[in-house]
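Protein chains: 4
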Amino acid sequence: MFNEFGKFIKLTTFGESHGPALGGVIDGFPAGLSVNFDEIQKELDRRKPGQSKIVTQRKEDDKVEFLSGIFEGKTTGQAIGFVIKNTNQKSNDYDHNTGIFRPSHADFTYFQKYGIRDHRGGGRTSARETANWIVAGALAKQLLSSISIHAFVSSVGEITLKKNIHELDLSQTESNIIRCPDWETAEQMIQKIAEIKKDGDTIGGVITCMIKNVPRGLGEPIFDKLSARLAQGMMSINAAKGFEIGSGFAGTRLKGSEHNDIFTQGGKTLTNNSGGIQGGISNGMDIVFKVAFKPVATIMKEQQTIDENGNVCSIKGKGRHDPCVVPRAVPIVEAIAAFILADFWLMNKVRKI
Amino acid sequence: MFNEFGKFIKLTTFGESHGPALGGVIDGFPAGLSVNFDEIQKELDRRKPGQSKIVTQRKEDDKVEFLSGIFEGKTTGQAIGFVIKNTNQKSNDYDHNTGIFRPSHADFTYFQKYGIRDHRGGGRTSARETANWIVAGALAKQLLSSISIHAFVSSVGEITLKKNIHELDLSQTESNIIRCPDWETAEQMIQKIAEIKKDGDTIGGVITCMIKNVPRGLGEPIFDKLSARLAQGMMSINAAKGFEIGSGFAGTRLKGSEHNDIFTQGGKTLTNNSGGIQGGISNGMDIVFKVAFKPVATIMKEQQTIDENGNVCSIKGKGRHDPCVVPRAVPIVEAIAAFILADFWLMNKVRKI
Amino acid sequence: MFNEFGKFIKLTTFGESHGPALGGVIDGFPAGLSVNFDEIQKELDRRKPGQSKIVTQRKEDDKVEFLSGIFEGKTTGQAIGFVIKNTNQKSNDYDHNTGIFRPSHADFTYFQKYGIRDHRGGGRTSARETANWIVAGALAKQLLSSISIHAFVSSVGEITLKKNIHELDLSQTESNIIRCPDWETAEQMIQKIAEIKKDGDTIGGVITCMIKNVPRGLGEPIFDKLSARLAQGMMSINAAKGFEIGSGFAGTRLKGSEHNDIFTQGGKTLTNNSGGIQGGISNGMDIVFKVAFKPVATIMKEQQTIDENGNVCSIKGKGRHDPCVVPRAVPIVEAIAAFILADFWLMNKVRKI
Amino acid sequence: MFNEFGKFIKLTTFGESHGPALGGVIDGFPAGLSVNFDEIQKELDRRKPGQSKIVTQRKEDDKVEFLSGIFEGKTTGQAIGFVIKNTNQKSNDYDHNTGIFRPSHADFTYFQKYGIRDHRGGGRTSARETANWIVAGALAKQLLSSISIHAFVSSVGEITLKKNIHELDLSQTESNIIRCPDWETAEQMIQKIAEIKKDGDTIGGVITCMIKNVPRGLGEPIFDKLSARLAQGMMSINAAKGFEIGSGFAGTRLKGSEHNDIFTQGGKTLTNNSGGIQGGISNGMDIVFKVAFKPVATIMKEQQTIDENGNVCSIKGKGRHDPCVVPRAVPIVEAIAAFILADFWLMNKVRKI
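Residue numbers (our numbering), protein chains in the order written: chain A, 38 to 390; chain B, 38 to 390; chain C, 38 to 390; chain D, 38 to 390.
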């Protein structure tokens, strides 16, 4: 209902950062796919903490255990249940938070909503939840083997990748720890994060995602436009503050005669201001979108805040946190995009008789 | 499923721009609300074509007729069915389009998806559909009488409202035809659209929306975050290309120590970079978001395009179209926001025992 | 949500017996079906009041008007909106009911639930709603043109069709006004209803439904078993009190060695105690089920009841009511069955890669 | 989607009888309930195999492990994830089934649908799945602490409980292994099952369920009538073949003047042919319904069947199976009823303003 995503394939998730395990159920996944488990683990490893010096030093193996829906290496069409055990939940890193709300965290709103305070840490609001999405997304990628999804970091703070997306060698994204395909910019970004981290602070950034070989016809009127569902999915990621498809906000400054994507023989377009989606439905051009991420709220600096009685006090972060979410968010963006495309790909199979 | 929106209150819509009528069903609306029909019509009038010189000169009365779910002026708790008749569908304005795809329109993608070409015009993809949303949103506004929703135009092309949102007198939004609360900027925007229109071209723009008096606790983990649902809803509007909540893309350039919203006594915050939503749930501060709209695709200029056989040809718009969507999109943004808030407001009634 | 049915094709309905119109939206119906409108009207005529001496003498034309989703005679894949106008709502037949609850009607429970009393008549609880289902079912029948659905009356009160289902000539069902394919039994049933009606009373009955040429594989684990969804659909019909698939309650008295359906070469079975469904999924044999209908609650006899203050008073039916629902319920049972099968037929298209 | 049940509270399940574990996610469960874990285990123990001489001798502990959504003994409002490990999956009991379809099982239909054969046993179609439902139902019972749900065995083969439901002491149900509250009938039933088992055969039966203290107003028009949802839920249980509410099939033989439930002062009724539900909504009287279960398909006798190539062969059951499902199905019926009522109870909180 709320912990679920998708229509023809549906992911329902559970789990808190400091409970025994995360996990989920993938319902509606077609039978007959030979699952590449290594690829799934590889995606989890791209997201996991502790993988480089610019991400949280917390160590979690993030091993997924499939409990159903796969038999002798193949999907059976039955519900795919899985768990990812929490092996390194140091609740005591969080004990000092008891009764105090962390600024710009979800502590306060969850307490207001549910009347319950899980003082062990982020609980359900932890980005640890996104490991579940990676599992679902990795399976979706295997279902859509002809489509290729390339997310990468396009800005960290003020440092912005200047090159045009078509000049980039996207195969280079994984070659550096910030996941920016341009080495020079990557170096600057890594340097920036290192400084920020040293200062006990955090910084925001932007991820761009390009999807190639998308079949025409994915997306559904009226409220399940491909762009609308991508927006919902991306804005579900922790710390996401903005979403743009194609020309995005910059496109608002153009005239129609500048912005329209002129068709050429066969149905391709000269430009791609549409970002591969027209009227909410893929047109076969590359899908291109951006997601904005705010700086991580937990900083190693003293801040004013309030306690559960509404009284002012102060707080200073402890423990192991990311100075910038974008490098680890790259595989998350891809996973959600893959899951959404797989969902629409199935839908599109029943749109014509 | 696809022509529906909402969870506890659900709007399901139908209708094409050139068919006999639009309409929809609102399911799950609580019993006992005394409906103010004038207010609903007033909202429809804000969206209707022909209301000023800077919007399409097409004339439609956009009268809603309720067929069920309201008895003696009160909602009964039963499905609310309604229709809005099309009284001015000049299909012949569109005859010249037969077999030719309009650039950056949904013609091409719908044809690819469904194998059907409705050559009468936009059909289901027409923004006329949004009249249905206005009806649902106007009812939602009445349900949430203590919440106030203020959308306004914050940019048209390069012309941008510079004032801080808190300096604006939002009661002035409806006092001019562009729906920008700052008169000076409004004048420039209107002037700009007049020029663009004269040139047979179109221009994009941005709408900002501010929502006051939102109760704490609206929004649901994980995939129904208030921000994620607002993004989905807004990106469902025709021509929407981007969505930002709170600090948005600009927030990505800040450090955590700059971006965090410091709590003050009682749970308010000094700043509102969060845009009223933390962890996907409203925190009681004003909700602030922006929606980017591209320039309208139909222009009165010759453009290269293709026909149904994929062959290159040319097209030039005819008929009555908007040179800029933002003035008429203001009530649409409000309607969707109201509907989403009403949905979450009901959900929040069952979150604690 | 609640006024909706189906998953891949979804029907959402609205309308009250004494409002201006009924109607609905059919979402997810595939593009490309050439619609036979006469067949749809024929199904509506089978259900409409006033068609024979043993049903209510109320006159309604029950003409469906499609407002969208069909263009030049073909489904477009877009939401199909439709209305059926109420042309003969004699509210004054019901005026005497104001403030008094009719025994075994839904008046009392709706008032308890919604705090609203629609004293014009059944309102949303009227079986008039089922005209909407007929429209959706008739379209579904056309989608599933190779499947044939035969419902018929198998008992009225104590009068029961004794012949084995395979001895019946189901093409005879529509040849008599009670819709029982065995003429001798039909005569007795008609006679019985005439007597009951003369006495101002009503009587219950049973409808059996047989569906031929069902593809194997329809139905979904776990909670969308074909049998479970048929049960839900049939129990949604006004006055339905029981549902049986295959051997039903009688099967509970058998031993496994008697009840098991033995496979023969190619996958058919010798017997069909399963009623065509095993493990919730169609096995290719005929689907056979029964639906029990209680006697209509409105009788032309004085009965004790209570008013809105909970005080005892008396009531006597007036107006034009059915002495027995089963003849008019035959096309309703077929419509729901068709809609459910169409829904599962689409689902089954995405179950394997 | 398919492995899910409920609207405001939703259970999504996974798991196969011979995989590592079953489990599920309960979404939408309100925060703040103090969970009685012993009561949950007690319900699981009522369902578990090996509990008496008349059920399968397979041994499973059926211990539920909660992974999320409960903190310090209280529900948090977050998704409740749980697993039940399979500790005793003797796949070799089933090896002889490889490639052969068991008559009246789901083997054949699943293979037709998914193209996959899980030869380890029932897999997803095993009644082991119902342990998941027990967990959800036990939590629902705790949420609805004022409502009491009493299911019991009312027939085994030809042996039928003759007493009127109001003469029974329902507190006696758990005092015997067949779960019939009348000792004399219980003895006959137990004796019957013992004979059947000795003969290597199986037998069907009926479960009656009575629910007391149901608030008025539960159930939703049109397709979520309380009776319709109970029917769907009960028909989802393995081996269920029929469902009756109130007077059921017997009620079809009555006249309206006999069947109508006459109101008495305050809104109770003299009779309860409605079974506590009128117009799909609870009226405050006891809810009474029956569920028919066919004999278990696995028998220890030689039967003709076919293999995966469609060729005739023979099969004889091995392993440990139930000779009659009804004693173990009693807690399952209660669990589903509890879950459905909890769902509608939440819905009813948002039906009026």
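C-beta atoms are modelled at their ideal positions from N, C-alpha and C, and glycine is treated no differently.
- For the 9 Å CB-CB criterion, Pro368(A) and Ile214(A) do not form a contact.
- Taking the C-beta atoms as reference points, Met272(D) is found nearer than 9 Å to Gln269(C).
- Minimum Cα-Cα distance from Gln341(B) among the listed residues Ser351(B), Pro332(B), Ser182(B) corresponds to Ser351(B).
- By the Cβ neighbour-count rule, Phe66(C) is buried, with 16 or more other Cβ atoms within 10 Å of its own.
- Taken in chain order, the unbroken stretches of beta strand (DSSP E) that lie wholly in the stretch 279-360 of chain C and span 3 residues or more are 324-330, 339-343, 349-353.
- Around the Cβ of Trp220(B), a 10 Å sphere holds fewer than 16 other Cβ atoms; the residue is exposed.
- Of all residues in the stretch 249-260 of chain C, none is placed with a Cβ closer than 9 Å to any Cβ belonging to chain B.
- No Cβ-Cβ contact shorter than 9 Å links Gly60(D) with Arg165(D).
- In the structure shown, the three-state DSSP call for Lys79(C) is helix.
- Proximity of Gly65(A) to chain C, defined by a Cβ-Cβ separation below 9 Å, is satisfied.
- Counting the other Cβ atoms within 10 Å of the Cβ of His187(B) gives 16 or more, which makes it buried.
- Residue pairing for Gly52(A): DSSP places it in a beta bridge opposite Leu59(A).
- Interface annotation, Val387(B): in contact with chain D, CB-CB separation under 9 Å.
- Here Val349(A) is exposed, its C-beta having fewer than 16 other C-beta atoms within 10 Å.
- Listed along chain C is no residue with a C-beta nearer than 7 Å to that of Met226(D); the closest approach is about 12 Å.
- Between the stretch 108-122 of chain D and the stretch 157-177 of chain D there are three or more inter-stretch CB-CB distances shorter than 8 Å, so the stretches are counted as touching.
- Two segments are said to touch when three or more pairs of C-beta atoms, one from each, lie closer than 8 Å; by this definition the stretch 193-213 of chain C does not touch the stretch 41-51 of chain D.
- DSSP, read as helix, strand or coil, puts Lys249(C) in strand.
- In this structure, the CA atom of Ser185(A) is about 45 Å from the CA atom of Gly87(B).
- Each of Phe45(D), Asn40(D), Glu41(D) was checked against the Cα of Lys386(D), and the nearest Cα belongs to Phe45(D).
- Interface with chain D (9 Å Cβ-Cβ cutoff): Gln115(A) is included.
- Identification of residues in the stretch 159-186 of chain B having a C-beta nearer than 8 Å to some C-beta of chain C yields Gly160, Arg161, given in sequence order.
- Residue-level contact by beta carbon fails for Gly312(A) and chain C, as no gap is shorter than 9 Å.
- The Cβ-Cβ distance between Glu281(B) and Phe326(B) falls below 9 Å.
- Rounded to the nearest angstrom, the Cβ distance from Gly303(B) to Gly347(A) is 5 Å, consistent with a contact under 8 Å.
- Excluding five sequence positions before and after Gly254(B), the CB atoms of its chain that fall closer than 8 Å to its own CB belong to Ile318, Ser319, Asn385, Arg388, given in chain order.
- Between Ser141(D) and Asn250(C), the CB-CB gap reaches or exceeds 9 Å.
- In this structure, the CA atom of Leu307(D) is about 32 Å from the CA atom of Leu267(C).
- In the three-state DSSP reduction, Asp261(C) falls in the strand class (E or B).
- At a cut-off of 9 Å between C-beta atoms, Gln315(C) counts as an interface residue with respect to chain D.
- Excluding the 5 residues flanking it on each side, Ala177(A) has same chain C-beta neighbours closer than 6 Å at Ala375, Phe376, Ala379, in chain order.
- Taking Ala58(B) as the centre and dropping the five residues before and after it, the same chain places the C-beta of Gly52, Val120, Ile121, Lys122, Asn123 closer than 7 Å to its C-beta, in chain order.
- Interface flag for Arg157(C) against chain B is set, since a Cβ pair is found closer than 9 Å.
- For Leu81(C), not one C-beta of chain B is nearer than 9 Å to its own C-beta.
- The beta-carbon distance between Val62(B) and Ile117(B), rounded to whole angstroms, is 7 Å. This is short enough to meet the 8 Å contact definition.
- Only those residues of the stretch 264-280 of chain B whose C-beta falls short of 8 Å from the nearest C-beta of chain D would be listed, and there are none.
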